[in-house]
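Everything on this sheet refers to the single structure shown next.
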Amino acid sequence: RYDISLPDRQLACAPVESPEGRQYLSAMRCAANYAWCNRQHITHWVREAFAEVFGRSQARLGLQQVYDVAHNIAKIEEHTVDGRPVALCVHRKGATRAFPPGHPSLSVRHRAIGQPVLIPGDMGRYSYIGVGTARAMKDTFGSTCHGAGRLLSRTAARKMLRGDDVAAALLDRAIVVRTGDVPALAEEASQAYKDVADIIEVVQGAGICRKVARAVPLGVIKG
Numbered sequence: 018r019y020d021i022s023l024p025d026r027q028l029a030c031a032p033v034e035s036p037e038g039r040q041y042l043s044a045m046r047c048a049a050n051y052a053w054c055n056r057q058h059i060t061h062w063v064r065e066a067f068a069e070v071f072g073r074s075q076a077r078l079g080l081q082q083v084y085d086v087a088h089n090i091a092k093i094e095e096h097t098v099d100g101r102p103v104a105l106c107v108h109r110k111g112a113t114r115a116f117p118p119g120h121p122s123l124s125v126r127h128r129a130i131g132q133p134v135l136i137p138g139d140m141g142r143y144s145y146i147g148v149g150t151a152r153a154m155k156d157t158f159g160s161t162c163h164g165a166g167r168l169l170s171r172t173a174a175r176k177m178l179r180g181d182d183v184a185a186a187l188l189d190r191a192i193v194v195r196t197g198d199v200p201a202l203a204e205e206a207s208q209a210y211k212d213v214a215d216i217i218e219v220v221q222g223a224g225i226c227r228k229v230a231r232a233v234p235l236g237v238i239k240g
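In the numbering used here, the protein residues as written are 18 to 240.
As structure tokens, this is what we get:
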């Protein structure tokens, strides 16, 4: 309809300002709001469970949320292109926002340090927390990677691994996993993912993210 040439027949697109584009962005924002509410519910229930098990209030346990962010989402943002500010639709697929210190879009709490960047690894090793940089704004429209990335597709992982073996291996490392679909654990096994430690060195070396902390899993809830 809009005479747009695409490199892959599986792709589809429409101009942002077209009726279809506006409808798509509206639907996407509704989905993002739904997901945000869902995460807040999960956070609340986790806090309730900890308070019940440890017999202490949520405040005493110190279960503050570090950050909440949507990934795989399109955002209308202002960036510098050819030396002038331009409104762009930045679609981050497999990426996450990484705005630098001082950016006006950041909350007062984070403005001095930059946007927190959550880079998950896998449920058996570790993940990283970083912050955004000025270089990311210049080179990648304020973006960095969202995770380690896969070595095996979900289908390949299921063929090579068994979910119950994955759960047993995690338990041997004092990592508890709870899921309603044990076979599906094979899809998320450590062997299915690249080592996120290598990935974080690449993005930090490129200057599009600065690592702050490494987090290791104690418990994993899937699904």
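We put the CB at the ideal spot given by N, CA and C, even for glycine.
In the DSSP assignment, E95 forms a beta bridge with A104.
Residues of the same chain with a CB within less than 8 Å of the CB of R109, apart from the 5 flanking positions on each side, are H88, N89, I90, A91, K92, S160, H163 in chain order. Counting along the chain, P133 sits inside the beta strand (DSSP E) bounded by residues 133 to 136. About 6 Å separates the Cβ atoms of R231 and Y145, confirming a contact at the 8 Å cut-off. Residue environment for Q57: exposed (fewer than 16 other C-beta atoms within 10 angstroms of its C-beta).
Distance between S22 and P32, taken at the CA atoms: about 13 Å. The beta carbon of R152 sits closer than 7 Å to the beta carbons of G224, I225 from its chain, once the five residues preceding and following it are set aside; these are given in chain order. With 16 or more neighbouring CB atoms inside 10 Å of its own CB, T113 falls in the buried class. Taking C-beta atoms as the reference points, Q132 and A104 fail to come closer than 8 Å. Assignment of beta-bridge partners to T113 by DSSP yields T161. Burial of V148 is indicated by the presence of at least 16 other C-beta atoms within 10 angstroms of its C-beta. Excluding its 5 nearest sequence neighbours in each direction, G119 has C-beta neighbours in its own chain below 7 Å: R128, listed in chain order. A68 is positioned such that its CB atom lies closer than 8 Å to that of Q75. Collapsing the DSSP output to three states places S74 in coil. One thing to note: A173 has its Cβ no nearer than 8 Å to the Cβ of A206.
The C-alpha of W53 lies about 30 Å from the C-alpha of L188. Residue pairing for R175: DSSP places it in no beta bridge.
When DSSP states are grouped into helix, strand and coil, K211 belongs to the coil group.
Distance check between C106 and each of L28, F158, I216 places F158 closest, using alpha-carbon atoms only.
For R231, there is no enclosing alpha helix (DSSP H); the residue is found in the beta strand (DSSP E) stretching over 227 to 232. Straight-line spacing of the CA atoms in R195 and R18 works out to 47 Å. Taking C-beta separations shorter than 8 Å and ignoring five residues to either side along the sequence, the partners of V193 in its chain run L187, L235, G236, V237, following chain order.
The continuous beta strand (DSSP E) containing V148 extends over residues 144 to 148.
Under the criterion of beta carbons closer than 8 Å, L178 and K211 do not qualify as touching, at roughly 16 Å.
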